[in-house]
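Quick note, in full-length UniProt numbering, the sequence shown goes up one by one and the last residue is 119. Okay, so here's the structure we're looking at.
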Amino acid sequence: MEDSDKKDEIAQEHIGEVRNITVNLSSPNKKSINLAAREFYEYVKELKENIDMPEIVPTAEAVFTTRKSPCGNGTATYTRHTMRVYQRKFIVSLHDSNITKVTDFLKSVPARAQLMINQ
Numbered sequence: 001m002e003d004s005d006k007k008d009e010i011a012q013e014h015i016g017e018v019r020n021i022t023v024n025l026s027s028p029n030k031k032s033i034n035l036a037a038r039e040f041y042e043y044v045k046e047l048k049e050n051i052d053m054p055e056i057v058p059t060a061e062a063v064f065t066t067r068k069s070p071c072g073n074g075t076a077t078y079t080r081h082t083m084r085v086y087q088r089k090f091i092v093s094l095h096d097s098n099i100t101k102v103t104d105f106l107k108s109v110p111a112r113a114q115l116m117i118n119q
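Rendered as structure tokens:
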């Protein structure tokens, strides 16, 4: 029985501590952010870690107005360009050994990822 206790202790040491991590995904394309969020959620579930459903952060929107005629002749005509950034926020509890796996996975998702370790 002592040998099995030692094996359990060794296995627990390799996993490491559990850390609370916030992952923000953002993209100007709505389809790619939904795809990235779904893939990330399924990947963390495969690692058997605790993850909440993604929080949908309000869409950031920027409007740029530019003048069409650079020479100054003619009527003043303007063009408005709109840029929208869609965001998803995950709160995950990960073991230390799985943090590197998650960061490697986030490098391949079709959205910008930001990872913050909460104290």
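Each residue gets a CB set at the ideal place from its N, CA and C atoms; glycine is no exception. It should be emphasised that the depicted structure is a prediction, and the values quoted were computed from it without experimental measurement.
Report the residue from 105, 104, 116, 95 whose alpha carbon sits nearest the alpha carbon of residue 48. 95
Decide if the segment 81-89 is in contact with the segment 45-64; the criterion is three or more beta carbon pairs, one per stretch, under 8 Å apart. yes
Taking the runs of the alpha helix (DSSP H) that are 4 residues or longer, which of them lie wholly in the segment 30-117? 30-46, 96-106
Within a Cβ cutoff of 8 Å, which residues of the same chain sit near residue 50, ignoring the five residues on either side of it in sequence? 92, 93
State the Cα-Cα distance for the pair residue 53 and residue 16, rounded to the nearest angstrom. 24 Å
Use the C-beta contact count for residue 69: other C-beta atoms within 10 angstroms, 16 or more gives buried, fewer gives exposed. exposed
Determine whether the beta carbon atoms of residue 114 and residue 24 lie at a separation below 8 Å. yes
Taking residue 110 as the reference, which of 58, 87, 118 has the closest Cα? 87
Between 119, 117, 89, 106, which has its C-alpha nearest residue 59's C-alpha? 89
Can you have a look at residue 11 and say buried or exposed, based on whether 16 or more other CB atoms are within 10 angstroms of its CB? Caution is warranted here: a pLDDT of 49 is assigned to residue 11, below 50, making its placement in the model unreliable, and no coordinate value can be reported.
Candidates 18, 106, 118: which alpha carbon is nearest residue 36's? 106
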